[in-house]
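Written out below as structure tokens is the structure these notes cover.
Protein chains: 2
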Amino acid sequence: MLLSRYFLPVLKESPRDATIVSHQYMLRAGMIKQSSAGIYSWLPLGFKVLKRIEQIVHEEQERAGHIAIQMPTIQSAELWRESGRYDDYGEEMLRIKDRHDHDMLFTPTAEELVTDIFRSHVSSYKALPLTLYQIQWKFRDERRPRFGVMRGREFYMKDGYNFDLTKEDAMHAYNRHLVSYLRTYERMGLQAIPMRADSGPIGGDDTHEFLVLAETGESEVFYDSAVTDLTFGDREIDYDDVAQCAGVMEEFTTKYARTDETHDEALFAEVPADRQRTARGIEVGQIFYFGTKYSEAMGATVQGPDGKPTPVHMGSHGIGVSRLLGAIIEASHDDKGIIWPEGVTPFHVGIVNLKQGDDEADAACQALYDQVAALGLEALYDDRDERAGAKFGTMDLIGLPWRITVGPRGLKNGVVELTSRKTGESEEMAPDAAIAKIEDIYRKHGLVK
Amino acid sequence: MLLSRYFLPVLKESPRDATIVSHQYMLRAGMIKQSSAGIYSWLPLGFKVLKRIEQIVHEEQERAGHIAIQMPTIQSAELWRESGRYDDYGEEMLRIKDRHDHDMLFTPTAEELVTDIFRSHVSSYKALPLTLYQIQWKFRDERRPRFGVMRGREFYMKDGYNFDLTKEDAMHAYNRHLVSYLRTYERMGLQAIPMRADSGPIGGDDTHEFLVLAETGESEVFYDSAVTDLTFGDREIDYDDVAQCAGVMEEFTTKYARTDETHDEALFAEVPADRQRTARGIEVGQIFYFGTKYSEAMGATVQGPDGKPTPVHMGSHGIGVSRLLGAIIEASHDDKGIIWPEGVTPFHVGIVNLKQGDDEADAACQALYDQVAALGLEALYDDRDERAGAKFGTMDLIGLPWRITVGPRGLKNGVVELTSRKTGESEEMAPDAAIAKIEDIYRKHGLVK
């Protein structure tokens, strides 16, 4: 993308009402614009990151064998009366009357609707196991929306639902989700720690939240510091292998790690004193097993191997897709701006032309731009007639992980400058060497084939 | 995808309330499920096609230099009061009160919100031309929703908005959209004819609708049969070339083609009698130029080259993404089911194993499946233990354009059968030859690189 043709409305000043750094940088980098309290438009740069995150979530869900569907945002209240949640949900549910005076609502979650799909179409245990998921806009009418996309009212969420014949099968689905979530967050450059949590209005006993440690987190968390040494890495996983998935679950959830909702002082005291940590965390996902809560209330039964109708065991599993942008920025920034992890960066490399209009510099930038495109990657080329300082400032603010700087002086010596946003370190090298390094970096992330 | 692990709830019978063929087949093929009147869940097969269509729309918008954003579904009534449309819009607008009793609405279109984004961030003509677009869920509270996704209440739409300094520039944007829409529909295997239309609640004088001819179309259309001979084909286009885009516009809109809203008997009589046609059409898109209607009402001005504040010239442009599934099926089916055009098919090839459990047949199917995946394409492999008739029936119903049938008898002679869904013709050939032919077909559609 040529910056001269892009729409990147960066702001010099932080809007006053933005109190946390991710909200400030998302506004300043022209990623979002508030349209009403807790409701945002996603401007081009923000939308691009949202799509990168969505894509990773889709890929990891598919890898785990889960199947994508899409449910509507507006649902009838009827199903929610069947489950009993219509009255339970309180003021956070956006309730709507349509022109025929029917009670509708903007879905905050979709256990009821997906259970209705299931019971309408599945009657035999032979169709199990089954996990359906969607990535769709949700609405929760927060009383006091704040922190930008971190606690907005309209938000983008992946929500998945497993249907299994037995509790044992459903616990495998639970473990499978835990594994796929670990992979998902790591691809985004995040460490998200599974912590025992409270199930809230979803219901059920077994639930883990995934938390990213950050000073601005809303939850207080207590953990054994050894959990932060765990990484999933690039190990092979067979999602059908029950023991293997259970092993990962055990590895990642045995050490003490809880939110304040389930914190237990006595258990925490058993953690070696030098490893006891208290911190704040941002919730970026949650998995639940709630058994037959919805299937019994709504008659979602299958004929079991014994021929008898059996209510299915279910769980649900969420990833806060739009909220993740905020969480990633909270975890990865400095005083100049955002530092995008390579897996989610909106553009893979920025190209800064120090002397726009200089034939040689223009041609070198264009050649680099084309070479990046030929790799299947995207460059943002700052082709504006601006001074270098302004160009660097914009690139630092929007946080592209790699920048190539091109100027007449370097070109005389056959070099350009490759700069890491994270370390700030620059290296002079031939343009082809810079491209080779970019290729190498993104090949590691699976973005160059 | 292995069919045994997929969720494809095909129905034997057509539900009674489905009166047109696309609605019937979408239900029978397990693509959608109604959740409330005019509101649907997209089941896995339907969701896959929806995503294919969305992807084509994105690619063609980007090619035309338009920039993707995403606006929220829930908007404040305030902006709609500024433009005067809050009261104009009538009962089709879904009006909502949030917990603080603020007037909100589910967006049926986004001229106001995008104009607000523009006026907040753009102040100089130097940022023009600019076209922002989104693909997002919309809601229109139809009094009598019908025809499945063709006239639903919640629907998926691409809506784009151009901002230009002069009417002349805005007309170039109009032409650029016309060209990009022609390309878009042709990639989906559709002929969509631009017809002079009425602007309705959007406003403005210049507007064309794109119509797909089909008996079940809601609009009566009148045209010179010569328009159906026009195709855009694979000609090169430079979207910055004003004259070239204007030439395409002229070529495609000079011959008589109008909906009943703007039909002119006297003009129609001038068409040679043997070329006068009356038919029915399905609207799949519309482009508008409405000048300064919104920019004046909402103060969206830029500083012009002369230093004076100038209201921008605007247009908006829509493609009915979810409706297109219905339109494509109306235009492409037979009495056995859907016939997907290659550009949008959910799976690129179906693999039918005539003797599941036979080692040789199973191995041959798996090898074909892997080879299809290696091309970057997706196969649906019917690995169920079902009789051949049922497997063929499902494949015909869901409409994959190519089917490979594998059986022990053929394998003895080293052949499988490649069948075209469209012509019904089958050809025996070696498995490698079948894969080579599949590769060749999809390479033409740009789906094999």
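In order, the protein sequence lines correspond to chains H and P. Take the first sequence: its letter number 169 is residue 168 in numbering that gives the first Met the number 0, and every next letter is one higher. Take the second sequence: its letter number 29 is residue 28 in numbering that gives the first Met the number 0, and every next letter is one higher. Where is the CB? At the ideal position from N, CA and C, for every residue including glycine. Note that the structure is predicted; figures quoted are calculated from it, not measured.
Here H/Val-148 is actually not in contact with H/Tyr-288; their C-beta atoms are around 28 Å apart, not less than 8 Å. Residue-level contact by beta carbon holds for P/Leu-42 and chain H, with a gap shorter than 8 Å. P/Ser-122 sits in coil when the DSSP states are folded into three classes, being neither helix nor strand. If you check each beta-carbon in the region 71-91 of chain P against every beta-carbon of chain H, the ones closer than 9 Å belong to Pro-71, Thr-72, Ile-73, Gln-74, Ser-75, Glu-77, Leu-78, Glu-90 and Glu-91. For H/Leu-446, the secondary structure class from DSSP, reduced to helix, strand or coil, is coil. With respect to the 8 Å criterion, H/Ala-225 and H/Phe-209 are not classified as neighbours on the basis of their beta carbons. Within chain P, the residues placing a beta-carbon under 9 Å from that of H/Lys-32 are Asp-115, Ile-116, Ser-119 and His-120, ordered along the chain. Counted as a single uninterrupted DSSP element, the stretch harbouring H/Tyr-368 is not any beta strand (DSSP E) but the alpha helix (DSSP H) occupying residues 358-373. The three-state secondary structure of H/Tyr-222, taken from DSSP, is strand. The Cβ atoms of H/Pro-310 and H/Thr-291 lie closer than 8 Å to each other. Proximity to P/Leu-446 across P/Ala-363, P/Glu-341, P/Tyr-368 and P/Glu-427 peaks at P/Glu-341, based on C-alpha coordinates. Within chain H, no residue has its beta carbon less than 9 Å from that of P/Phe-289; the closest one is some 21 Å off. Contact with chain P is found for H/Glu-153, since one of that chain's Cβ atoms lies less than 8 Å from the residue's Cβ. The C-alpha of P/Asp-357 is placed about 49 Å away from the C-alpha of H/Phe-46.
C-alpha of H/Glu-329 to C-alpha of H/Leu-323: approximately 10 Å in a straight line. For P/Asp-140, the residues of chain H that pass the 7 Å Cβ criterion are Asp-97 and Arg-98, in the order they occur in the chain.
Membership of P/Thr-393 in any beta strand (DSSP E) is not indicated; the residue belongs instead to the alpha helix (DSSP H) covering 387-397. For H/Ile-52, no chain P residue has a Cβ inside 8 Å of its Cβ, as the nearest lies near 13 Å away. Fully enclosed alpha helix (DSSP H) runs of no fewer than 4 residues are not present anywhere in the region 183-214 of chain P. Among the residues of chain H, none has a CB under 8 Å from the CB of P/Leu-181; the nearest is roughly 23 Å distant. According to DSSP, H/Val-415 shares a beta bridge with H/Met-428.
Beta-bridge partners of H/Gly-290 (DSSP): H/Met-313. The residues Thr-114, Phe-117, Arg-118 and Val-311, in chain order, have a CB closer than 6 Å to that of P/Ala-299 in the same chain once the five nearest residues on each side in sequence are set aside. Taken through DSSP and simplified to helix, strand or coil, H/Asp-86 comes out as helix. A straight-line Cα-Cα distance of about 7 Å links P/Leu-78 and P/Leu-112. Distances from the CA of H/Lys-421 to each of H/Ile-403, H/Asp-333, H/Pro-407 and H/Ala-366 were compared; the closest alpha carbon is that of H/Asp-333. Residue state for H/Ser-21 is assigned as helix, using DSSP reduced to three classes. At least one CB atom of chain H sits nearer than 8 Å to the CB of P/Pro-8. Bridge partners of P/Ile-66 according to DSSP: P/Leu-131. Spatial neighbours of P/Ile-68 in its own chain (CB-CB distance under 6 Å, excluding positions within 5 residues in sequence) are listed in chain order as Leu-131 and Gln-133. DSSP places H/Ala-268 in the helix class (H, G or I) of the three-state scheme.
With a 10 Å radius around the Cβ and a threshold of 16 neighbouring Cβ atoms, H/Ala-196 comes out buried. Residue environment for P/Asp-239: exposed (fewer than 16 other C-beta atoms within 10 angstroms of its C-beta).
Taking the Cβ atoms as the reference, P/Arg-383 lies roughly 6 Å from P/Leu-2, within the contact range of under 8 Å.
H/Arg-175 is outside the set of residues whose beta carbon lies under 8 Å from a beta carbon in chain P.
Ranked by Cα distance from H/Leu-49, the options H/Trp-136, H/Thr-106 and H/Gly-64 are led by H/Trp-136.
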